[in-house]
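Scroll down for the structure; my scribbles are underneath it.
2 protein chains.
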Amino acid sequence: MKALVTGGAGFIGSHIVDRLIEQGDEVIVYDNMSSGIEDFIKPHFENPKFKFVQADILDVGKLKTEMKGVDFVFHLAAHADVRSGFDDHKIDLEQNLIGTINVLEAMRENNVKKIAFASTSSVYGDATIIPTPEDYPFFPTSLYGAAKASAETYISVFCEYYDMTAYIFRFVSWVGERYTHGLVFDFLNKLKKDPTTLHILGDGTQKKSYLYVKDGVDAIFTVIEKAKEKINVYNLGNDEIINVTESAKVIVDEAGYKDVKFTYAGGDKGWIGDNKYVLLDTKKLQSLGWKASKTTREGLHVTTRYLLDHPEVIEKRNKK
Amino acid sequence: MKALVTGGAGFIGSHIVDRLIEQGDEVIVYDNMSSGIEDFIKPHFENPKFKFVQADILDVGKLKTEMKGVDFVFHLAAHADVRSGFDDHKIDLEQNLIGTINVLEAMRENNVKKIAFASTSSVYGDATIIPTPEDYPFFPTSLYGAAKASAETYISVFCEYYDMTAYIFRFVSWVGERYTHGLVFDFLNKLKKDPTTLHILGDGTQKKSYLYVKDGVDAIFTVIEKAKEKINVYNLGNDEIINVTESAKVIVDEAGYKDVKFTYAGGDKGWIGDNKYVLLDTKKLQSLGWKASKTTREGLHVTTRYLLDHPEVIEKRNKK
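Residue numbers (the numbering used here), protein chains in the order written: chain A, 1 to 320; chain B, 1001 to 1320.
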């Protein structure tokens, strides 16, 4: 199989790439390197089955060229910072919706029939059913969530129009090796500047679950192997939820900081558009035989340790 | 109240305008006249509370200017031809999604807090639950449906970000006075050219319901008056469904054609992306006290009669 992985130099994308190479597949990484890190894919540079293309998904011409002969697209490229969409209304629309439409158009032109798409729990917004199942309707509270939800509807239509098959994954936040942004990253950055105080957005009560990256990648490949619908939608999450203050304690503890004082911005959400209680129903995924190997807490421990052992990742990301 | 009605010179929009004027509201019609008809709003031209602006919702600057002092937006402007999106992938994205985002941005800049939005049963695609309730998830099969579904998610986010209130109406096809496009229009056009044969897309078994325009307008104003959520989503439909062959018989009968032979293009859908069985669950709407005054068949009769009595409408539309 020849796979094209958009965002393949990123946190999740590079793990997908490793797995594909391991399986003996041909891989094209298509990444604009806005948040990708070359080190994550460098081990494959000498592999004749591997190709790296530095380009943007907004460049539809380039996408169409690189899509030639591809069998399967893993579309991971995205603007993944949920918060910043409030101040910049264009970025999610362009990177997460228009970019996805471009990927679909390039697939259509090259007769590529299969796509796996990284969607998000944010499509549900502040769900009133928790754990939230896949058939819960879309009421996103962030432009990030709206753009991802919209992208899902476009994928749905391309499946109808051009007989494509889609694997749509609605993610909670992921953690683990090569983690490059999010809560653990922000907290370690803050603690490095001031090891005595950790300022927490919201009131610390927002509850989230985190999925360990190797579990997430296993889930993706399990679904691709076993799910047989035209459009296969799966929640990817972890059953253990943890509030932000508890997460902060895990991170502080693993990092070895002592007597850190927590201060709070206040409010029951971390930012405008945040969802205060995110727990996905993963029964559908589990019915395929998948099981998480790490709890939310274990994932946070591993991630903290990884970032402490790889200060260059924090440095490189802070420079971007 | 000062209302701005996008698409206010169109079929549904002009009925909304009549109702607002009747209530004593100030009204701005904002319409690019791509499918609007001046005659529909002409009766208000001398009314000092009425203003007509010929402009496109893609002109965000103009939208922002006209939005000043507005209290309520009825956003009806749309590319309403579901079929043509298959051949032109840009039109729904631009007119139905980007246009809606422009309306929302203009509202935000002018602190306008209320929007009523014309969405569609097409957001559900080929629903497996029939009648289909409002909490059914989005799996559109047309780019028209995808753009409308996407627009709904953007409205949801603007409600969260900027404390707006939204009234979202998922329509089946509307019929009645000032009807300007769709099944009745197409069939009468065909019969005028050849009164002996009527060619029907699909195999004639696709089932649809049609909502009479005055019932639809009543429904919209009932919901706006009585619904109290931040985001109020209501299906608007009719309980009587009818297949395409039956619809054709009603139209032929009302128009007085004799011995018309029906021929069929074949296939269980009228076109790529069509939905073969559309019946919305309107219990939520009915719980507010609304009731349809005309059945689907009665609506088709009225519409056929209207178009026969107003050949100028067919002529004007055919010229556009």
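Heads up, the beta-carbon is just placed ideally off N, CA and C, and yes, glycines get one too. Fair warning: this is a prediction, and the values are worked out from it, not measured in the lab.
Query - Rounded Cβ spacing between residue 250 of chain A and residue 211 of chain A (contact assumed at less than 8 Å) - result: Actually they are not in contact, since the Cβ atoms of residue 250 of chain A and residue 211 of chain A sit about 15 Å apart, beyond 8 Å.
**Report entry** Spatially closest choice to residue 1286 of chain B from B:1257, B:1191, B:1237, B:1141, by CA coordinates
**Finding:** B:1237
**Report entry** Minimum C-alpha distance to residue 1064 of chain B - residue among B:1228, B:1306, B:1313, B:1102
**Finding:** B:1102
Report task. Check the Cβ-Cβ distances between residue 153 of chain A and every residue of chain B, and say whether any is below 7 Å. Result -> yes
Query raised in the report: Within 7 Å (strictly less), CB to CB, does residue 1048 of chain B reach chain A?
Result: no
Query raised in the report: Residues of chain A with CB under 8 Å from residue 1145 of chain B, in chain order?
Result: 153, 157
**Report entry** Cut-off 7 Å between Cβ atoms - residues of its own chain near residue 1105 of chain B, not counting five sequence neighbours on either side
**Finding:** 1060
Report task. Give the DSSP bridge partners of residue 211 of chain A, in chain order. Result -> A:174
Query raised in the report: Would you say residue 155 of chain A and residue 117 of chain A are within 7 Å of each other, going by their C-beta atoms?
Result: yes
Report task. Note down, in chain order, every chain A residue with its Cβ under 8 Å from the Cβ of residue 1125 of chain B. Result -> 156, 160
Query raised in the report: Can you tell which of A:242, A:176, A:230, A:215 has its C-alpha closest to the C-alpha of residue 205 of chain A?
Result: A:242
Query raised in the report: From residue 1176 of chain B to residue 1248 of chain B, what distance separates their C-alpha atoms?
Result: 16 Å
Query raised in the report: What does DSSP give as the partner residues of residue 26 of chain A in its beta bridges?
Result: A:2
Query raised in the report: Got a sec: is the Cβ-Cβ distance from residue 1138 of chain B to anything in chain A below 7 Å?
Result: yes
Report task. Specify the secondary structure class of residue 1054 of chain B as computed by DSSP and reduced to three states. Result -> strand
Query - residue 222 of chain A versus residue 1266 of chain B: straight-line alpha-carbon distance, rounded - result: 39 Å
Query raised in the report: What's the call for residue 150 of chain A, buried or exposed, on a 16-neighbour Cβ count within 10 Å?
Result: buried
Requested in this report: Taking residue 142 of chain A as the query, report the chain B residues whose CB atoms sit under 7 Å from its CB, ordered along the chain.
Outcome: 1157
Query - For residue 1144 of chain B, the first and last residue of its enclosing alpha helix (DSSP H) - result: 1143–1162
Query raised in the report: Closer than 9 Å, Cβ to any Cβ of chain A: which residues of the stretch 1075–1100 of chain B, in chain order?
Result: 1085, 1086, 1089, 1093, 1097, 1098
Requested in this report: Check the Cβ of residue 1272 of chain B against every Cβ in chain A and list those closer than 8 Å, keeping chain order.
Outcome: 160, 161
Query raised in the report: What does residue 1121 of chain B reach in chain A if we use C-beta pairs closer than 7 Å?
Result: Chain A residues near residue 1121 of chain B: none, gap ~14 Å exceeds 7 Å.
**Report entry** residue 234 of chain A - containing beta strand (DSSP E), residue span
**Finding:** 231–236
Query raised in the report: First and last residue of the alpha helix (DSSP H) that includes residue 1255 of chain B?
Result: 1244–1255
Requested in this report: Determine the extent of the beta strand (DSSP E) in which residue 1115 of chain B is found, giving its start and end residues.
Outcome: 1114–1120
**Report entry** Where residue 1136 of chain B falls: helix, strand or coil (DSSP)
**Finding:** coil
Query raised in the report: What does residue 135 of chain A touch in chain B if you count any residue whose Cβ is under 7 Å from its own?
Result: 1137
**Report entry** Proximal residues to residue 304 of chain A (C-beta, below 8 Å), its chain only, five neighbours per side dropped
**Finding:** 184, 188, 250, 251, 254, 255
Query raised in the report: Shortest alpha-carbon distance to residue 1070 of chain B belongs to which of B:1152, B:1025, B:1306?
Result: B:1025
Query raised in the report: Just how far apart, CA to CA, sit residue 1081 of chain B and residue 132 of chain A?
Result: 35 Å
Report task. Can you tell me the Cβ-Cβ gap for residue 1099 of chain B and residue 1202 of chain B, rounded? I've got them flagged as a contact below 8 Å. Result -> In fact, because the Cβ distance is near 30 Å, the residues do not count as touching under 8 Å.
Query raised in the report: Below 7 Å between beta carbons: does that hold for residue 1272 of chain B and residue 1139 of chain B?
Result: no
Query - Separation of residue 280 of chain A from residue 1307 of chain B, as counted between CA atoms - result: 52 Å
Requested in this report: Report the residue ranges of all beta strand (DSSP E) runs contained in full by the stretch 37–82 of chain A; include only those spanning at least 3 residues, in chain order.
Outcome: 50–54, 72–75
Query raised in the report: To which residues does DSSP link residue 192 of chain A through a beta bridge?
Result: Paired residues: none, contrary to the question.
Query raised in the report: Looking only at C-alpha atoms, which of A:153, A:232, A:92 sits nearest to residue 1143 of chain B?
Result: A:153
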